[in-house]
Ligand code: FAD
Ligand code: ZN
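Numbering (the numbering used here), first residue to last: 990 to 1465.
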């Protein structure tokens, strides 16, 4: 930083410290550490100050000072994002604003099936608060114990229930946002229908903090599932995945809430590294699907439906073996196998990741093409592709060949991204299905996005944040 910039920063830091008070700031290096490193350790930043405002008006006051002085501001929720979006630059020239003290459930309207929350609420707390009122908030992902609603909205999070309930974008009815000039936009409407001009909230959903800071949200709630049934099925082969999905949707309709795919290698990693896990089937298979059905009515409907799905799929050979959970404990055990995938893969050495989506029916062909291409480039590389197959979204991850140097493998990140992403684009897919762009895929966005789309994105950014102080250097 120049001495001028340094002086501007010290002045701004001093004024902000006064606004947020003792509890609202952190600047000691050891306490700052967890806010400055991304979940996988791929990015590390620096900051002279982390602010933790108590409410929306404090957020607005902080943003106003940054706008006045031109200082960059990085919003942060639970810091579980996997693209470096919530990490400040290493230069120490940006202030980090954490929403972690804004955790109030402002209102639950059970009759309207809505709840209004502070953006700092942890996702699991939102789910619980809804359940306490006999309502259901369906967004669910493995990081739900730490990610925060503002982060979920800013990344347009997906997760395991998208098949039935949609992504975060479909679950938000209203927003409160502090704009880059410090003004507060109150769009906290609790309506399902509203055609009164542009739908402004959609601009901020999935914007990864580059257009403003989300401070509050109205979320849509649903009747809680009363009967749930979960099955772990071994597939004949990869093509059987698409056949099973179609059969299950035909048989169960809206009751099918989750359809996850896991490879045999992935299960091996989990069994090896994650305590208290066991293979639910008698012998290993190449591909597995984890299905969940849920019904809001009473009775055993989900259980009966899933039995019918399994029976049909076994009869025509799509599924070669399987179990249906008979208790809540067993259901949790099955989900643990799926949800431990990322953790288990970490223990197998370095991995290069892809968060891609293709049209559902093209998934097997994509996986074969991409697997052949990466194996040809580096013999011994281990493809561990798993995820939300029901949405055509898989985490096409590559574990290093055993024994290869970790750093040498990670240095080839861009090279493998290009191979896989070219194939994804060839299938009409997306190279960022649910984790966003952040820092990680900024160059990929510039490379793959249509020039007209890029131009429109840049014009929106310019219109809302002409000084470029909101999460500088991310996404665009
Ligand atoms: P952060 O990481 O803090 O921030 C993410 C981005 O949003 C950053 O750019 C940040 O600047 C911005 N931001 C945060 N809060 C605000 C705000 N209030 N206003 C404006 N901008 C803001 N994601 C999925 O979609 N599906 C999954 O299945 C899934 N599984 C995961 C499993 C694991 C084990 C882990 C570690 C992560 C997983 N993720 C998944 C990724 C991550 O959990 C989601 O992206 C989540 O939505 C991020 O929320 P967060 O609060 O941690 O956001
Ligand atoms: Zn995922």
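Note that beta-carbon positions come from the ideal geometry of N, C-alpha and C, so glycine has one too.
For this session: Give the range of the beta strand (DSSP E) segment to which residue 1094 is assigned.
Result: Annotation for residue 1094: the continuous beta strand (DSSP E) segment containing it runs 1094–1098.
Problem set entry | residue 1279 vs residue 1221 beta-carbon contact at 9 Å | Closer than 9 Å, so yes.
Exercise. Are residue 1066 and residue 1141 closer than 9 Å when you measure CB to CB?
Worked result: For the pair residue 1066 and residue 1141, the CB atoms are nearer than the 9 Å cut-off.
For this session: With hydrogens ignored, establish whether the beta-carbon of residue 1128 is closer than 8 Å to any heavy atom of ligand 2.
Result: Closer than 8 Å to some heavy atom of ligand 2: that does not describe the Cβ of residue 1128.
Exercise. When the Cβ atoms of the segment 1014–1027 are set against those of the segment 1099–1107, are three or more pairs found closer than 8 Å?
Worked result: No: fewer than three Cβ pairs fall under 8 Å.
Exercise. If you follow the beta strand (DSSP E) that residue 1252 is part of, which residue opens it and which one closes it?
Worked result: DSSP places residue 1252 in the uninterrupted beta strand (DSSP E) bounded by 1245–1252.
Exercise. Taking DSSP as the reference, what is the three-state secondary structure of residue 1149?
Worked result: Of the three classes helix, strand and coil, the one that applies to residue 1149 here is coil, per DSSP.
For this session: Indicate the three-state DSSP secondary structure (helix, strand or coil) for residue 1277 in the structure shown.
Result: Of the three classes helix, strand and coil, the one that applies to residue 1277 here is strand, per DSSP.
Exercise. What is the C-beta distance between residue 1379 and residue 1248, in whole angstroms, given that I count them as a contact (C-beta under 8 Å)?
Worked result: Confirmed, about 3 Å.
For this session: Grab me the residues of residue 1212's own chain with a C-beta within less than 6 Å of its C-beta, minus the 5 sequence neighbours each way, in chain order.
Result: Answer for residue 1212: 1285, listed in chain order.
For this session: Closer than 8 Å by C-beta to residue 1240: which residues in its own chain qualify, once you throw out the five before and the five after it? Chain order, please.
Result: Correct list, in chain order: 1294, 1297, 1298, 1301.
Exercise. Within the present structure, is the beta-carbon of residue 1094 separated from the nearest heavy atom of ligand 1 by less than 8 Å?
Worked result: Residue 1094 has its Cβ no nearer than 8 Å to any heavy atom of ligand 1.
Exercise. Across which residues does DSSP place residue 1386 in a beta bridge pair?
Worked result: In DSSP, residue 1386 forms a bridge with 1373.
For this session: With DSSP as the reference, please indicate the residues paired to residue 1340 in a beta bridge.
Result: BP columns for residue 1340 point to 1388.
Exercise. Starting from residue 1107 and walking both ways along the beta strand (DSSP E), at which residues does that stretch end?
Worked result: DSSP places residue 1107 in the uninterrupted beta strand (DSSP E) bounded by 1103–1107.
For this session: Pull up the CB-CB distance for residue 1165 and residue 1045, whole angstroms please, since I reckon it's below 8 Å.
Result: Rounded, the Cβ-Cβ distance is 6 Å, consistent with contact.
Exercise. Do residue 1145 and residue 1158 have their C-beta atoms within less than 9 Å of each other?
Worked result: It is a contact, given that the beta carbons lie within the stated cut-off.
For this session: Give the DSSP-derived three-state secondary structure of residue 1305 in the structure shown.
Result: Coil.
For this session: Go ahead and label residue 1421 buried or exposed: buried means 16 or more other beta carbons lie within 10 angstroms of its beta carbon, across all protein chains shown.
Result: Residue 1421 should be labelled buried.
For this session: Ignore the nearest five residues each way along the sequence and tell me which others in residue 1014's own chain have a CB closer than 8 Å to its CB.
Result: 1005, 1006, 1038, 1039, 1040, 1041.
Exercise. Quick one: does the C-beta of residue 993 sit closer than 8 Å to a heavy atom of ligand 2?
Worked result: The answer is no for residue 993.
Exercise. Can you name the residues that DSSP bridges to residue 1137?
Worked result: Answer is 1111, bridged to residue 1137.
For this session: Grab me the residues of residue 1262's own chain with a C-beta within less than 7 Å of its C-beta, minus the 5 sequence neighbours each way, in chain order.
Result: Around residue 1262, the same chain offers 1333, 1336 as residues with beta carbons nearer than 7 Å, after the five sequence neighbours per side are excluded.
Problem set entry | Check: residue 1193 C-beta below 8 Å from any heavy atom of ligand 1 | Distances between the C-beta of residue 1193 and the heavy atoms of ligand 1 include at least one below 8 Å.
For this session: Grab me the residues of residue 1412's own chain with a C-beta within less than 8 Å of its C-beta, minus the 5 sequence neighbours each way, in chain order.
Result: Non-local beta-carbon contacts of residue 1412 in its own chain, meaning distances under 8 Å to residues more than five positions away in sequence, involve 1355, 1358, 1359, 1362 in chain order.
For this session: For the segment 1384–1393 and the segment 1148–1163, state whether three or more C-beta atom pairs, one from each stretch, are separated by less than 8 Å.
Result: Counting C-beta pairs with one atom in each stretch, the segment 1384–1393 and the segment 1148–1163 have fewer than three that are closer than 8 Å, which means they do not touch.
Problem set entry | Three-pair Cβ contact test at 8 Å for the segment 1396–1412 versus the segment 1116–1127 | Flag = no, the segment 1396–1412 and the segment 1116–1127 do not touch.
Exercise. Residue 1010 to residue 1002, Cα distance in whole Å?
Worked result: Cα atoms of residue 1010 and residue 1002: separation of roughly 12 Å, rounded to the nearest angstrom.
For this session: Can you tell me which of the three DSSP states residue 1311 falls into?
Result: Look at residue 1311 here: in three-state DSSP terms it is strand.
Problem set entry | C-beta contact flag for residue 1073 and residue 1429 at 9 Å | If you check the CB distance, residue 1073 and residue 1429 come in under 9 Å.
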